[in-house]
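When we follow the UniProt record's numbering, the leftmost residue of the sequence shown carries the number 1, and every step to the right adds one.
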Amino acid sequence: MPVVTQWLRPEEFCNIPRPGEAPLTAYRQPTFYKSMWEIEGIIQGAGMDNRWFISALNIVASNRGQLDRVFFGELDPTWVAYGFFVCKFYQDDPLSDDDWQVVLIDDRIPVGSDARPAFCRNPDPNIYWAIIIEKAYAKFAGSYEAMQGGTVVQGLEDLTGGIGYKFDLEKREKEWIPPKGSDPDRLWSEIMEKFATEHVIGCANNTKGQERPQTTKMGLLLNRAYAIVTGGEFEDNRLMRLRVPLNEDGTALEWNGKWSDDSKQWNNRLRQMLAYGSDSEDGCFWMAYKDLCRHFNKVYMCRMLDDLWTRVAVRSRWMDETAGGCTNFISWRNNNQWLLTITRPNTKMVIKLSQPDARKSAGNGRHYSNAIGFYILKGNAPNASRDEKRRKLICIDGDEEDGGDFVFCKGPRFSKQVLAEYTFEKASTTPYILMPFIFEPGRESLFKFTLLSDDRDDDGEPDFYFQNVKPEEDWIRLTIKDAWHKGGKGNQFVKYNLPFQGDKAHASID
1 MPVVTQWLRP
11 EEFCNIPRPG
21 EAPLTAYRQP
31 TFYKSMWEIE
41 GIIQGAGMDN
51 RWFISALNIV
61 ASNRGQLDRV
71 FFGELDPTWV
81 AYGFFVCKFY
91 QDDPLSDDDW
101 QVVLIDDRIP
111 VGSDARPAFC
121 RNPDPNIYWA
131 IIIEKAYAKF
141 AGSYEAMQGG
151 TVVQGLEDLT
161 GGIGYKFDLE
171 KREKEWIPPK
181 GSDPDRLWSE
191 IMEKFATEHV
201 IGCANNTKGQ
211 ERPQTTKMGL
221 LLNRAYAIVT
231 GGEFEDNRLM
241 RLRVPLNEDG
251 TALEWNGKWS
261 DDSKQWNNRL
271 RQMLAYGSDS
281 EDGCFWMAYK
291 DLCRHFNKVY
301 MCRMLDDLWT
311 RVAVRSRWMD
321 ETAGGCTNFI
331 SWRNNNQWLL
341 TITRPNTKMV
351 IKLSQPDARK
361 SAGNGRHYSN
371 AIGFYILKGN
381 APNASRDEKR
391 RKLICIDGDE
401 EDGGDFVFCK
411 GPRFSKQVLA
421 EYTFEKASTT
431 PYILMPFIFE
441 PGRESLFKFT
451 LLSDDRDDDG
461 EPDFYFQNVK
471 PEEDWIRLTI
481 KDAWHKGGKG
491 NQFVKYNLPF
501 QGDKAHASID
């Protein structure tokens with residue numbers, strides 16, 4: 001962690017000469033934003049393990065409108081002059097009764113012995129929007145130290161309230177990047193669609209310790225999230241503009257391949273069309289789309305929640321017998337279960353399960369003791385007793401296509417949330433069963449379970465129904481305790497007379 005020596009307002013630290021800088025001859029006027037049409041880069045604070053947040057903030061800042069929405073309402077010049085700012089962050093946390101948390105801060109900024117901001121800052125010493133947002137988020141998290149440990153997707157969601165995705169291009173290469181000759185490919189179409197719908201988009205090359213000299217020699221950083229600021233097809237060239245957070249000295253390594261700042265591919269017409277600039281150290285550069293696919297293996301997208309979403313959220317908890325664990329254990333049937341009825345074919349749904357933020361319990365966003373996940377199970381077959389509305393008690397192993405009961409599973413993962421997008425290809429009058437779980441039985445926790453789907457007709461009527469399972473008022477439960485005795489003869493049967501007539505009974509042996 002950086003050493004903080006004092007707290008100063010922007011007009012104070014902006015007007016203190018930096019080490020090696022000549023005495024100031026004129027007053028420096030601090031400015032919140034440098035430009036009204038584009039946001040410049042960010043410098044991460046030295047010694048801070050919050051790259052995940054800086055990366056997310058860099059991606060969100062690629063869309064000026066989304067960055068402005070981090071602040072509660074419009075920035076009031078009077079409040080800014082007096083040094084007061086109000087930010088809002090999305091809190092997808094079962095411990096919270098509200099999805100948004102409003103944070104009020106002043107503009108006194110922690111600085112080090114060199115009188116520079118001790119944590120993140122903008123490359124222009126007179127600009128301070130990133131400093132304010134980081135301070136507000138530190139208050140939201142509990143402290144600057146509590147910001148250490150997190151994910152880019154979490155940062156995107158906290159800053160925007162949207163739904164964040166991370167696409168693994170290596171695992172889904174054939175799906176997203178077809179072989180040569182397939183034009184257009186799905187990833188390009190997806191990115192263009194997201195730009196048109198106000199998504200914010202980023203990319204990274206995450207290596208998990210592997211060396212990739214073919215990427216680093218081209219001026220790209222490994223394990224660092226880049227913002228995809230814009231992109232499109234220009235004169236038959238698919239181009240993307242990227243931006244990376246800057247180094248401590250305010251510079252950055254940049255792409256040095258085709259369409260880089262000094263590339264011969266540029267002509268005067270394209271320079272004028274794309275407002276091309278050749279600052280080789282500002283962290284911004286253009287590159288060909290095919291090179292992005294070659295050198296990056298993760299793409300981040302965050303969709304904002306708009307009026308077309310149908311949203312259902314449930315707050316509950318695993319406790320006592322409802323902490324049944326996954327289907328490896330017979331107690332899984334006691335977990336919380338809900339019915340999901342799909343009324344239209346090809347209904348695409350985003351399902352998200354969240355547990356309490358570890359920063360509020362373990363003090364670090366990486367330490368989660370519960371591995372969480374959820375199942376989509378085939379519902380009970382309809383009959384006279386309307387079992388299709390009841391709790392699932394028996395699961396036939398195997399996928400739905402093979403005659404089993406497992407439609408989809410996400411997790412378990414030791415993380416703040418698990419999220420998946422699933423398309424229900426067929427409408428069905430028999431409800432599916434949704435069941436969130438913790439991998440091990442007996443582990444208790446709060447959770448929040450959220451379902452989101454597009455209202456394709458925009459008529460206010462959802463394309464699905466979500467409800468509790470039918471109460472078990474007419475069920476007969478019977479437990480028999482017995483034992484097989486050592487030394488007994490083989491092929492011996494134990495017979496019990498059970499008080500069930502008519503419908504079949506569900507039985508299990510522990």
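In this text, a Cβ means the ideal position worked out from N, Cα and C, and glycines have one as well.
Treat the numbers as computed from the prediction; the structure is a model and nothing was measured.
What's the call for residue 82, buried or exposed, on a 16-neighbour Cβ count within 10 Å?
-> exposed
Residue 268, DSSP secondary structure in three states | helix
Can you list, in chain order, the residues of its chain whose CB lies under 8 Å from that of residue 15, leaving out five sequence neighbours each side?
-> 24, 27 and 28
3 or more residues per run - each beta strand (DSSP E) lying fully within the segment 137 to 212 | 163 to 168 and 200 to 204
Write down every uninterrupted run of the beta strand (DSSP E) in the segment 361 to 411 whose length is 3 residues or greater and which is fully enclosed by it, in chain order.
-> 372 to 377
From which residue to which residue does the beta strand (DSSP E) around residue 482 run?
-> No beta strand (DSSP E) contains residue 482, which DSSP labels as neither H nor E.
With distances taken between CB atoms, is the gap from residue 410 to residue 315 smaller than 8 Å?
-> no
Give the DSSP-derived three-state secondary structure of residue 238 in the structure shown.
-> strand
Should residue 450 be labelled buried (16 or more other beta-carbon atoms within 10 Å of its own) or exposed?
-> buried
Own chain partners of residue 346 with C-beta closer than 7 Å, once the 5 adjacent residues on each side are dropped = 423 and 425
Just grab the DSSP bridge partners of residue 109 for me.
-> 8
How is residue 219 classed by DSSP in three states: helix, strand or coil?
-> coil
Run through DSSP, which three-state label would residue 334 get?
-> helix
Shortest alpha-carbon distance to residue 332 belongs to which of 435, 353 and 404?
-> 435
Length-filtered (4 minimum) alpha helix (DSSP H) runs lying within the segment 27 to 85 = 51 to 60, 64 to 68 and 77 to 82
What separation, rounded to the nearest whole angstrom, lies between the Cα atoms of residue 138 and residue 144?
-> 5 Å
Please list, in chain order, all residues of the same chain as residue 395 whose beta carbon is under 6 Å from its beta carbon, the five residues on each side excluded.
-> 327 and 405
Whole-angstrom C-beta distance between residue 313 and residue 156, which should lie under 8 Å = Not really, about 19 Å apart at Cβ, beyond 8 Å.
State buried or exposed for residue 295, treating a residue as buried only when at least 16 other CB atoms are found within 10 Å of its CB.
-> buried
Using the C-alpha atoms, what's the distance from residue 433 back to residue 378?
-> 6 Å
Taking only the alpha-carbon atoms, compute the straight-line gap between residue 519 and residue 370 and give it to the nearest angstrom.
-> Nothing can be reported for residue 519: it is not among the residues displayed for the chain, which extend from 1 to 510.
Would you list the residues sitting across from residue 550 in a DSSP beta bridge?
-> Summary: the structure shown does not reach residue 550, with the chain confined to residues 1 through 510, and so no result is reported for it.
Applying the criterion that 16 or more other CB atoms from any shown protein chain within 10 Å of the CB defines a buried residue, is residue 68 buried or exposed?
-> exposed
Those runs of the beta strand (DSSP E) which lie wholly inside the segment 270 to 354 and span at least 3 residues = 284 to 288, 298 to 303, 309 to 318, 338 to 342 and 347 to 354
Can you tell me whether DSSP reads residue 13 as helix, strand or coil?
-> helix
Candidates 140, 197 and 337, of which the one nearest residue 305 by Cα | 197
Secondary structure of residue 91, DSSP reduced to three states = coil
Just reading off the beta strand (DSSP E) that residue 448 is part of, what are its end residues?
-> 445 to 454
Cβ contact (3+ pairs, closer than 8 Å) linking the segment 84 to 91 and the segment 185 to 194 = no
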